[in-house]
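Asker:
There are 2 protein chains.
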Amino acid sequence: MLRTHTCGELNMQNVGQKVTLCGWIQRVRTMGAMIFIDLRDRYGITQLTIRRFLNRDEFNEVNSLGREFVISATGIVAERSSKNPNIPTGDIEIIIESLASLEILNESKIPPFTIEDNTDGGEELRMKYRYLDLRRNVVRKNLELRHRMAILTRNYMNEQGFIEIETPVLIKSTPEGARDFVVPSRMNPGQFYALPQSPQTFKQLLMVAGFDRYFQIVKCFRDEDLRADRQPEFSQIDCEMSFVTQDDILATFEGLAKYLFMQEKGFAPGEFPRIEYDAAMREYGSDKPDIRFGMKLVELNETMKGNGFKVFDDAELVVGINAAGCAEYSRKQLDELTEWVKRPQVGASGLVYIRYGTDGTLKSSVDKFYSPDELKTIAGKFSAIPGDLMLIMAGKTEKTRTALGTLRLEMGKRLGLMDLTIFKPLWVVNFPLLEWDEASKRFYAKHHPFTSPVPQDIPLLETNPGAVRANAYDLVINGVEIGGGSIRIHNRDLQKKMFQVLGFTDELAQEQFGFLMNAFEYGAPPHGGIAFGFDRWCTIFGGGESIRDFMAFPKNNSGRDVMIDTPARISDEQLKELNIKLVNGEL
Amino acid sequence: MLRTHTCGELNMQNVGQKVTLCGWIQRVRTMGAMIFIDLRDRYGITQLTIRRFLNRDEFNEVNSLGREFVISATGIVAERSSKNPNIPTGDIEIIIESLASLEILNESKIPPFTIEDNTDGGEELRMKYRYLDLRRNVVRKNLELRHRMAILTRNYMNEQGFIEIETPVLIKSTPEGARDFVVPSRMNPGQFYALPQSPQTFKQLLMVAGFDRYFQIVKCFRDEDLRADRQPEFSQIDCEMSFVTQDDILATFEGLAKYLFMQEKGFAPGEFPRIEYDAAMREYGSDKPDIRFGMKLVELNETMKGNGFKVFDDAELVVGINAAGCAEYSRKQLDELTEWVKRPQVGASGLVYIRYGTDGTLKSSVDKFYSPDELKTIAGKFSAIPGDLMLIMAGKTEKTRTALGTLRLEMGKRLGLMDLTIFKPLWVVNFPLLEWDEASKRFYAKHHPFTSPVPQDIPLLETNPGAVRANAYDLVINGVEIGGGSIRIHNRDLQKKMFQVLGFTDELAQEQFGFLMNAFEYGAPPHGGIAFGFDRWCTIFGGGESIRDFMAFPKNNSGRDVMIDTPARISDEQLKELNIKLVNGEL
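Residue numbers (this note's numbering), protein chains in the order written: chain Y, 1 to 587; chain R, 1 to 587.
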């Protein structure tokens, strides 16, 4: 090793030792004839002190060492006179006795932004020089967290008898789900591999193969238009078990979650509540409710309809939330809130408020339709008290719930109810099996086509497919869907029925999923599983906003890596070998 | 859980307990009115016994349960009268008391081959029904070994302070090395991602980023024509360290290897020998010598040239091996061996033998050129004793060594010297930096363009590039290259020089590796690393022949997965979205 110690480990116990450190120069300070160098590596910062020995030229030489130069320094560990209690190595310094004890291992140009926790570099610049961005403590700590989470997950799963099995990356394109990335095959001209959106079919085949308990932390790929929490490639903790019920899966993975909480956060939340999808939508206007705070949706059809307010009278649903302590919102604030909910991202048609003054009086934007006594009754429905502000929407049931759910989150954020140090996990269960698509006039699988219906709902597949509940579940933490899964169909006839409901011809089902349906004829065990968004989980645990901050080399919103400048042109020779050509050379 | 226990855990301590097992029917046997069912799962086999209760119909119903049916069975654990000492559950059986205690969870068609250790299924059939092939103990054990090796590796690396960091799969095509798989970008028309042949540049950037110790078990991709030990996608244990010398890397990863040996095999080999590339070629005719046995190459220029045997006199090198105890080889066997070495895969021009009879006489195929005394001298060079057979080749040095090295392995195999339970790891060091390609009249990097030269050889880059040794090393176990790596160039000027020697223009170097060379201007630390072929390592440890047997879903020699039938056509719509078309629709 070019060093005897790292920059993060020396302390009073090492005083008097001769050591060699290697690292990057964080800063150089002078005080009279003395020079101090803060030397940084992954493990910490140690102060190098040069007290004597320097003539003018030597002083200038050391003083001109630039930020981010890589040096090796040899000296004696000494107790500092003025200690720095903020860093583990703050009690000591390394006394450098001669210029020969400092060696420049590599120089550095001046970095395009400062390598500090609060940097002056914008996102695009930091991504272009990601290798410098990664030197910042905040970013490095994110990746260290990710590493620990992966190690913990693997060891927990191993101890539970799960086997990690690598499934292939070069697989087959399927028309269901998101768009596939494809890979032209040189050896099979005109044919393509696809990159997996998930190892779904392979993990089911592993259950047919009798592996009983499978997991994998695995890269998945979706060619989607990108948002902050989407990346073309992302990582999943992918799991599957045989001979289980939903309860078994929830218990197993609640165990994993608690283990990660305990190891990484030092505490584990109590038993995770389980809430039906229907209840989640009704009470929170979301299938991934943030239950760090209440502010539940209150339905008001019986209380507020029939008073002549046409908007409410015509609505399928009148529903509101109580923003505690917001009665003092100004007219301007209320107008702003109304505009906010009318934006297309929220999609509400308007917002009615009832202000519960601290003096006990009730005042609303629809006063002419409701008497003070009626407003009192409404306030009672909300369990509102003086000082509260009730916010009410009306319209189509599902749309209105979702819009109000979005407002609920916004009010939670504005009221500081979304504490990043509090974690409230829960299970959302019994999702609808199918979703009707108006455009293509057909049902789509809400989860995927292998999800089993809740057994008692199977007859409804014939009569009312839209009402069939799935034996499916999501793990939600603080309003983020961390994972989801289902008990699978293991019976070929039921799978066939499912494909029929989804509008697949027998031929198409056979072409796309024939290998899985064939496998089900050779003794498929009852099985189910779950997959967790590993990037998201790390982001939640790290208190971050975007999964990009928890990936070493993420892509931007155009799917580009601006550091290595990809995607890029390939040579004509490559295209020729792959038997493809570009539709338009200059598109 | 649908079961109380697995099929591998019940024993005498459970006698009297009521249990429920789930699994696959391995076989059904009858003895008079009794029926025995062997029930199998991942964990073992347990015998179900039906003694009484059956009427004719019930008997027939149970007796007709087919192989590979999935059933659930509830009964009482009882001591067996005739125990089976070969399986852990052989002391007990489960007494089934009523037909209602047996539930068919899923039926199975008759499998296309037997699910036994020695199956009647050929490779193609087993690959098509891989989910059945994976039920076989031998295949399952391979994947269990692989899982354990991955867990052990990760925990060891974690304890050594290495961080696992996921590098991207969608990267950029580079012209060096093997052919890339590419992925057309929909969002960036006319542009492509490439799948990584290794995360080489990313791990070097992580060192520039200060991560100090990185590792990853990672999928890599090469679009090569396939052989038994090659797959289009394979897994690497990829590692990189900063502030290290070659010795540090060898010590660290010798530690990993010994840990894996100790944990998985129960013993660790002593210190791994280190042998120079030149010596490996000279002594074993191979840069990955199998040192489980000696039979070293013996050079005979001084002893055998100049006696008038033109083939030898004209040869650059005369060299042989001593096949101990093979003096009794018949003329026919010797002819067969001569034909064997003349095959293009070996490429020798002929084979001369000297037989050391058990009576002490020496007899050779070139007797007329060498007197008995001269033959005795030659035998002395080989340290041959009566009963041995010396096999000698001549020709161009490198070619002859390689051919004789191949013959050495063949003789080792024929003589039973390649014991699968013996493991002889070694390091091969100081590889040549460059390889001359006669066709393109240029040097290629033997390892890759970022490998540093041995410091004292740097001046030779100007004068005699072919003689420059690389600061590079391979780990070899039993004749298989398990891993290789190098100390990298961290200095931009030296990297530039290297690209010049490789015939890159500045522009091309900048276009292909500009981001790495730019990164080196911002304080790159001295660093080096290594990558292990994880599939190969598992194969060696598992005593297997082909890496395919240690992958869950391998591809065949045409790069096809015959189970899911990929690669495959994609839709015209997909092609259109990706802005590509096929050169010839019906190629």
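Heads up, the beta-carbon is just placed ideally off N, CA and C, and yes, glycines get one too.
Could you check if residue 252 of chain Y is buried or exposed, using at least 16 other CB atoms within 10 Å of its CB as the buried criterion?
Answerer: Against the first sequence, residue 252 of chain Y aligns to sequence position 252. Under this definition residue 252 of chain Y is a buried residue.
Asker: Quick one: which chain Y residues come within Cβ less than 9 Å of residue 69 of chain R?
Answerer: To locate residue 69 of chain R, count along the second sequence from 1; it is residue 69. Those within 9 Å of residue 69 of chain R in chain Y are 523.
Asker: List, from N- to C-terminal side, the alpha helix (DSSP H) runs of 4 residues or more that fit wholly inside the stretch 253 to 322 of chain R.
Answerer: You should have 277 to 284, 301 to 304, 310 to 313.
Asker: Mind checking residue 23 of chain R: buried by the 16 CB within 10 Å criterion, or exposed?
Answerer: On the second sequence, residue 23 of chain R is found 23 positions in, with the first residue counted as 1. Its Cβ being crowded by 16 or more others within 10 Å, residue 23 of chain R is buried.
Asker: Using beta carbons (cut-off 8 Å, strictly below), is residue 24 of chain Y in contact with chain R?
Answerer: Sequence index remark: in the first sequence, residue 24 of chain Y carries index 24 (1-based). Chain R, which has a Cβ nearer than 8 Å to the Cβ of residue 24 of chain Y, makes this yes.
Asker: For a cutoff of 8 Å on Cβ pairs, would you count residue 548 of chain Y as touching chain R?
Answerer: If you number the first sequence from 1, residue 548 of chain Y lands on position 548. No, residue 548 of chain Y lies away from the interface with chain R (no Cβ there is under 8 Å from its Cβ).
Asker: Opposite residue 525 of chain Y in the DSSP bridges: which residues?
Answerer: Against the first sequence, residue 525 of chain Y aligns to sequence position 525. Note: residue 525 of chain Y sits in no beta bridge, so no partner.
Asker: Could you tell me the boundaries of the alpha helix (DSSP H) in which residue 131 of chain R lies?
Answerer: Stepping through the second sequence from its first residue, residue 131 of chain R is reached at position 131. Looking at the DSSP string, the run of the alpha helix (DSSP H) that includes residue 131 of chain R is 130 to 133.
Asker: Can you tell me whether residue 380 of chain Y is buried or exposed, with buried defined as 16 or more other CB within 10 angstroms of its CB?
Answerer: The count along the first sequence starts at 1 and reaches residue 380 of chain Y at position 380. Exposed: under 16 other Cβ atoms inside 10 Å.
Asker: Going by Cα to Cα distance, which pick from R/348, R/338, R/322 is closest to residue 589 of chain R?
Answerer: The structure shown does not extend to residue 589 of chain R, since chain R is modelled only from 1 to 587, so the question has no answer here.
Asker: Mind listing the chain R neighbours of residue 193 of chain Y? Cutoff is C-beta to C-beta under 7 Å, in chain order.
Answerer: Residue mapping note: residue 193 of chain Y aligns to position 193 of the first sequence, counting from 1. Those within 7 Å of residue 193 of chain Y in chain R are 566, 567.
Asker: Is residue 182 of chain Y close to chain R? Criterion is C-beta to C-beta, closer than 8 Å.
Answerer: Position 182 of the first sequence, counted from the first residue, corresponds to residue 182 of chain Y. True, the Cβ-Cβ gap to chain R drops below 8 Å.
Asker: Residues in the stretch 153 to 165 of chain R with C-beta within 7 Å of chain Y's C-beta atoms, listed in sequence order?
Answerer: If the cut-off is 7 Å between Cβ atoms, the stretch 153 to 165 of chain R has 154, 158, 163, 164, 165 near chain Y.
Asker: Verify whether the separation of the beta carbon atoms of residue 275 of chain R and residue 428 of chain R is less than 8 Å.
Answerer: One-based indexing of the second sequence puts residue 275 of chain R at position 275. One-based indexing of the second sequence puts residue 428 of chain R at position 428. Yes. Within cutoff.
Asker: Between the beta-carbon of residue 382 of chain R and the beta-carbon of residue 325 of chain R, is there less than 8 Å?
Answerer: Reading the second sequence from its first residue, position 382 is the one you call residue 382 of chain R. Reading the second sequence from its first residue, position 325 is the one you call residue 325 of chain R. Taking 8 Å as the Cβ cut-off, residue 382 of chain R and residue 325 of chain R do not qualify as a contacting pair.
Asker: Quick check on residue 557 of chain R: buried or exposed, where buried means 16 or more other Cβ atoms within 10 Å of its Cβ?
Answerer: Taking the second sequence and counting its residues from 1, the one referred to as residue 557 of chain R is at position 557. That one is exposed.
Asker: May I ask you to report which of helix, strand or coil DSSP gives residue 538 of chain R?
Answerer: Reading the second sequence from its first residue, position 538 is the one you call residue 538 of chain R. Helix, per DSSP.
Asker: Measuring alpha carbon to alpha carbon, tell me which residue in R/184, R/63, R/566 is nearest residue 31 of chain R.
Answerer: Here the question's residue 31 of chain R lines up with position 31 in the second sequence. That would be R/63, whose Cα lies nearest to the Cα of residue 31 of chain R.
Asker: Can you find a CB in chain R that lies within less than 8 Å of the CB of residue 131 of chain Y?
Answerer: On the first sequence, residue 131 of chain Y is found 131 positions in, with the first residue counted as 1. It does; some Cβ of chain R falls within 8 Å.
Asker: Which partner residues does residue 598 of chain R have in the DSSP bridge list?
Answerer: With chain R represented from 1 up to 587, any question about residue 598 of chain R goes unanswered, as that position is not in the structure.
Asker: Measure the CB-CB distance between residue 115 of chain R and residue 132 of chain R and report whether it falls below 8 Å.
Answerer: Against the second sequence, residue 115 of chain R aligns to sequence position 115. Against the second sequence, residue 132 of chain R aligns to sequence position 132. Result yes, Cβ atoms of residue 115 of chain R and residue 132 of chain R sit closer than 8 Å.
Asker: Would you say residue 11 of chain R lies against chain Y (beta-carbon separation less than 8 Å)?
Answerer: Numbered from 1 along the second sequence, position 11 holds the residue referred to as residue 11 of chain R. No, residue 11 of chain R does not count as interfacial toward chain Y.
Asker: If you run the structure through DSSP and keep just helix, strand and coil, what is residue 106 of chain R?
Answerer: The residue you call residue 106 of chain R lines up with position 106 of the second sequence. Here residue 106 of chain R sits in strand by DSSP.
Asker: Answer with yes or no whether the minimum CB distance from residue 583 of chain R to chain Y is below 8 Å.
Answerer: Along the second sequence, read from residue 1 onward, the residue named residue 583 of chain R stands at position 583. Yes, residue 583 of chain R counts as interfacial toward chain Y.
Asker: Starting from residue 569 of chain R, trace the alpha helix (DSSP H) both ways and give me its first and last residue.
Answerer: For the purposes of this step, residue 569 of chain R is identified with residue 569 of the second sequence, where counting begins at 1. Careful: residue 569 of chain R lies outside any alpha helix (DSSP H) and carries neither H nor E.
Asker: Could you name the residues of chain Y that residue 490 of chain R contacts, counting a contact when the two beta carbons are closer than 9 Å?
Answerer: Locating residue 490 of chain R in the second sequence gives position 490, where the first residue counts as 1. In chain order: 70, 105, 106.
Asker: Would you mind stating whether residue 525 of chain R and residue 157 of chain R have Cβ atoms separated by less than 8 Å?
Answerer: By one-based count along the second sequence, residue 525 of chain R stands at place 525. By one-based count along the second sequence, residue 157 of chain R stands at place 157. Taking 8 Å as the Cβ cut-off, residue 525 of chain R and residue 157 of chain R do not qualify as a contacting pair.
Asker: Helix, strand or coil for residue 547 of chain R per DSSP?
Answerer: Residue 547 of chain R sits at position 547 when you count from the first residue of the second sequence. Three-state DSSP puts residue 547 of chain R in a helix.
Asker: In chain R, which residues lie less than 7 Å from residue 437 of chain Y when you measure between Cβ atoms?
Answerer: Here residue 437 of chain Y is taken as the residue at index 437 of the first sequence, counted from 1. Ordered by position in chain R, no residue passes the 7 Å Cβ test against residue 437 of chain Y, which lies about 17 Å from the chain.
Asker: At least one CB of chain Y closer than 8 Å to the CB of residue 587 of chain R: is that the case?
Answerer: As a position in the second sequence, residue 587 of chain R is number 587, starting the count at 1. Here residue 587 of chain R scores only 41 on pLDDT, less than 50, and its place in the model should not be relied on; the value that follows carries that caveat. Chain Y, which has a Cβ nearer than 8 Å to the Cβ of residue 587 of chain R, makes this yes.
Asker: Could you tell me whether the Cβ of residue 330 of chain Y comes closer than 8 Å to any Cβ of chain R?
Answerer: Taking the first residue of the first sequence as position 1, residue 330 of chain Y is located at position 330. Closer than 8 Å: no.
Asker: Is residue 475 of chain Y near residue 279 of chain Y, with beta carbons less than 8 Å apart?
Answerer: Position 475 of the first sequence holds residue 475 of chain Y. Position 279 of the first sequence holds residue 279 of chain Y. Not closer than 8 Å, so no.
Asker: Report the rounded CA-to-CA distance for residue 410 of chain R versus residue 121 of chain R, giving the unit in angstroms.
Answerer: Residue numbering aside, residue 410 of chain R sits at position 410 when the second sequence is read from its first letter. Residue numbering aside, residue 121 of chain R sits at position 121 when the second sequence is read from its first letter. About 29 Å.
Asker: Output the boundary residues of the alpha helix (DSSP H) element that contains residue 374 of chain Y.
Answerer: Position 374 of the first sequence, counted from the start, is the residue given in the question as residue 374 of chain Y. 372 to 381 is the extent of the alpha helix (DSSP H) around residue 374 of chain Y.
Asker: Suppose contacts are defined by Cβ-Cβ distances below 8 Å. Is residue 143 of chain R in contact with residue 297 of chain R by that definition?
Answerer: Here residue 143 of chain R corresponds to residue number 143 of the second sequence, with the count starting at 1. Here residue 297 of chain R corresponds to residue number 297 of the second sequence, with the count starting at 1. Not a contact, by the Cβ cut-off of 8 Å.
Asker: Per DSSP, residue 530 of chain R is paired with what?
Answerer: Within the second sequence, the letter at position 530 stands for residue 530 of chain R. Bridge partners of residue 530 of chain R: R/239, R/485.
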